[in-house]
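One structure below.
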């Protein structure tokens, strides 16, 4: 009994000690960060105290355009630099945002004034606008001067119609008799882009037009599997390749007809092979040539946009957030190189 009384008394003393120091505990233990109280003075909260909300850091309150202007070094790729410039122009100049066809050309070249040993490269930018408005010229020059990695700016005005296509390089020899070239593209693979290309070509063919389909996917050609041809033999007419023909009269050409095995090669080899493949094919007299683009926004896509004078593009998507996000990147790529997006097809809907 004496031991039990001793333990009970010790516990009571410990409890009394803790109760005596409880009012002073907050002076030794700092408050938990997420439980700090901040006064919010905006009208939505009427100055009420809210728990667990921190004021935003100044870095996070700046807009994407302000963050772009604060960058001292340019983006890594040519596509990112073009997209940054176009996004900045359209966000600051309302007319360029409302009418995207006013921007007909955008070229960039490394500045000759910047030394090769400099860690901050700069670029000379030439912007061509299809308008005679001097105010837009002054506004565009002012906006581009805010980018620290642009050394010189040249804004050219053309009096032509804003709906005219950008001044691209002439088509290769085998495409001189093709009146309109359309790109069927999507950043996302497996959305039915090749199926859409073939169905669009057959629909145009049944309308009485002369149509051809070029499968530009070197690694995964689809045309040999999707359609039958009169003859699988690829014939050379002089120094050029003659496209194959389907029983309906649709002209088709794919790397799968030339090479039966798989293609294993690096990027520069693909660009060179694709350039020769496009230039050597003699399509003859066509109203429309549909180019089934490979998925992505890399070197192959940029090479095709530079080689071919595209009259527009058709972007294929499928229901779902993943496909939509990638398709938006493809649309931005076409806008950065001056190719109009004519339609977006939601396949498998």
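Numbering (this note's numbering), first residue to last: 5 to 353.
By construction, the Cβ of each residue, glycine as well, lies at the ideal position given by its N, Cα and C atoms.
Which of helix, strand or coil DSSP assigns to residue i
i           : result
residue 156 : strand
residue 197 : helix
residue 165 : With a pLDDT of 43 at residue 165, under the threshold of 50, the predicted position of this residue should be treated as unreliable, and no value is reported.
residue 143 : helix
residue 349 : strand
residue 336 : helix
residue 255 : strand
residue 218 : strand
residue 229 : helix
Residue i - partner residues in DSSP beta bridges
i           : result
residue 182 : 290
residue 282 : Residue 282 pairs with nothing; no bridge assigned.
residue 110 : 131
residue 187 : 295 and 317
residue 244 : 241
Pairwise C-alpha distance: residue j and residue i
i           : j           : result
residue 219 : residue 296 : 5 Å
residue 251 : residue 215 : 13 Å
residue 179 : residue 312 : 9 Å
residue 126 : residue 149 : 12 Å
residue 131 : residue 314 : 20 Å
residue 89  : residue 346 : 22 Å
residue 342 : residue 96  : 19 Å
residue 229 : residue 156 : 51 Å
residue 142 : residue 133 : 12 Å
residue 42  : residue 18  : Model confidence at residue 42 stands at a pLDDT of 41, short of 50, so the residue's coordinates are unreliable; what they give is reported in the following sentence. Cα to Cα, the separation comes out at about 37 Å.
residue 253 : residue 182 : 16 Å
residue 292 : residue 152 : 43 Å
residue 199 : residue 353 : 14 Å
residue 85  : residue 107 : 15 Å
| Three or more C-beta pairs closer than 8 Å, one from the region 182-195 and one from the region 304-321: is that the case here? | In this structure the region 182-195 touches the region 304-321; the number of beta carbon pairs closer than 8 Å is three or more.
| message | Assess contact between the region 238-245 and the region 202-213, defined as three or more Cβ pairs (one per stretch) separated by less than 8 Å. Is contact present? | response | no
| request: For the region 289-334, list the beta strand (DSSP E) runs that are entirely contained and at least 3 residues long, ordered along the chain. | output: 290-296 and 316-321
| message | Between the region 329-339 and the region 291-310, can you find at least three pairs of beta-carbon atoms closer than 8 Å? | response | Result yes; three or more Cβ-Cβ pairs closer than 8 Å.
| query | Pairing CB atoms from the region 220-234 with CB atoms from the region 243-262, are three or more of them under 8 Å? | reply | yes
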